[in-house]
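In the working numbering, the protein residues as written are 1 to 126.
Put into structure tokens, the structure is as follows:
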């Protein structure tokens, strides 16, 4: 399975946080699955970390590599698709993840209750 993980899922995984749903934990841990982290998540983490709103590793790219996570760049096609999504969700980072998952045929792992409003394949975490 090819899975794009939402920012909070990534942070919970890295912190071994008990809020990480067991299904997400098992899917991420299974070496047969390709786990993707969007550039949008790295961007969101760096912005919120700089503002003092969250803690995250200083060497995020090394940590992603150590966890065998693949990074997913943002393309102009992704950006246009995110902008064209229905306005169910106002968060631009989340809209980007939805667009990327749809365009790249990825399963999206998130506990965001607004994601099911979109035509996107979701890992059943909520």
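By construction, the Cβ of each residue, glycine as well, lies at the ideal position given by its N, Cα and C atoms. Note that the structure is a prediction, hence the values are computed from the model and not measured.
Per-residue DSSP class, three states only, for residue i
i	result
residue 5	strand
residue 119	coil
residue 107	strand
residue 66	helix
residue 46	helix
residue 38	strand
residue 19	coil
residue 26	helix
residue 78	helix
Through-space distance from residue j to residue i, alpha-carbon basis
i	j	result
residue 29	residue 40	22 Å
residue 86	residue 59	35 Å
residue 81	residue 120	13 Å
residue 42	residue 32	24 Å
residue 106	residue 3	5 Å
residue 35	residue 102	15 Å
residue 37	residue 79	16 Å
residue 97	residue 9	12 Å
residue 15	residue 25	12 Å
residue 135	residue 118	This structure cannot speak to residue 135, because the chain is shown only from 1 to 126.
residue 95	residue 71	17 Å
residue 62	residue 13	15 Å
Beta-bridge partners of residue i, as assigned by DSSP
i	result
residue 72	38
Pair within 8 Å by beta-carbon distance, residue i and residue j
i	j	result
residue 116	residue 125	no
residue 45	residue 7	yes
Cβ-heavy atom distance, residue i to the ligand ZN, below 7 Å
i	result
residue 98	For the ligand ZN, the structure offers nothing, since it holds no ligand at all.
### Query
Three or more beta-carbon pairs under 8 Å between the stretch 70 to 84 and the stretch 45 to 60, yes or no?
The stretch 70 to 84 makes no contact with the stretch 45 to 60; the number of CB pairs closer than 8 Å stays below 3.
### Query
Is it a yes or a no for the stretch 5 to 24 touching the stretch 109 to 116, going by three-plus beta-carbon pairs under 8 Å?
Short answer: they touch.
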